[in-house]
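Worksheet: the structure to be examined is printed underneath.
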Amino acid sequence: MAKADFSMGDALGAGFRLLRRQTPAVLGWGALYVMVAVASWALLLPMLKDMPWPRAGTAVSTEATEAYLQSMYGFQAAANLLNLAGLVVGLLVWTAAMRATLNPGRSDRFLFLRVGMDELRVLVVSAAVFAGLYAFVLFVVLLGLGLGFALHAAAGQTATVVAVSLFPLLALIVLLIGWSRLSLLAPMSVITGRFAFAEGWKAGKGRTAKLVGLNLLIFLIYYLVSVAAVAVIGGVLVVGFFATGGVWPRNPGSFNDIIAAVRPMAPWAALAMLPFVVLTGWCVAFWAGALTTAARQLADGVADA
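Rendered as structure tokens:
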């Protein structure tokens, strides 16, 4: 029996299908991310308002700077909690997107969000993947430093320059190949209902080049769509600023002066959140949907093997 393959078109189109068929879920995923972002800004603004500001012709005193840094301890603790909340939201949302991709014709009043074994498997597998990639990057940096010093001592400056130029490129290629193979582990764990380290790795056997191409296309499309969306959101904010008669202060005396200048455009900022919600939800659906679709189509090949 021929080894199972996956369709590049099906994988890249999964996010668009999810947006069309599971619109409330995709918007809900984006809204969860935006809520964490808004909470972060709500936490950051008071710190910015109290930030020491240099007056005309005078610098910020050391005492004011030290007092401000002391006041940031509580902020740092709250920021760490928000970062943890963001990671939890990411885990729940990405697993929900995988679950929705595997159930295209089903609706779900909880937006496919769960707290269960699927989430635990994705957490463990993802943590292992990122720990492995981090260890690889650290190894490459240390190896590169060692080779650089050795070449410089043995072969001179020219060989060192060539090696320093080529070694990072080679390491990046190896990292991309490794990431492409490992990218199937999390969705395969949701598909099989177990920690699919072996299944996820075997699924990409013989399809490494195609998986690399898929991941490169995911990065490229994600980047282009994000740039276009940020341009639209930025345009909305700029139009809102001038439409409300905003004038940027020339010599602000504190961060409060900047807040006062942009406060009238708050409704426009809220309006800009709408495309940001759509963008964030679609990015999750696109990325998770592509990898899950590829893993689903390759899963038969693992079963045959």
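Throughout, this note's numbering is defined as the position within the sequence shown, counted from one, plus 22.
All C-beta atoms in this analysis are idealised placements derived from N, C-alpha and C, irrespective of residue type, glycine included.
Note that the coordinates shown come from a computational prediction; the quantities given were computed from them, not determined experimentally.
Item, Value
"Best match in A250, L34, P209, V151 for proximity to V115 [C-alpha to C-alpha]", "P209"
"C-alpha gap between A231 and A283, whole angstroms", "52 Å"
"Span separating the alpha-carbon of A193 from that of L160", "11 Å"
"Touch test, the segment 224 to 239 against the segment 25 to 34, Cβ-Cβ under 8 Å, three pairs minimum", "yes"
"Cβ-based burial, L94 [other Cβ within 10 Å; buried from 16]", "In the sequence as presented, Leu is not what sits at residue 94; that position holds Met. M94 should be labelled exposed."
"M210 - containing alpha helix (DSSP H), residue span", "207 to 214"
"Classification of M139 by the beta-carbon crowding that lies within 10 angstroms, buried from 16 upward", "exposed"
"Residue from M120, G112, T214 whose Cα sits closest to the Cα of T314", "M120"
"CB-CB length for G303 against V58, believed under 8 Å", "Not confirmed; about 13 Å, so no contact."
"Assigned secondary structure, M23 (DSSP; H/G/I helix, E/B strand, else coil)", "Caution applies to M23, whose pLDDT of 45 falls short of 50 and renders its modelled position unreliable; the model cannot decide the point."
"N125, enclosing alpha helix (DSSP H) - first and last residue", "Premise fails: N125 is in no alpha helix (DSSP H) and is neither H nor E."
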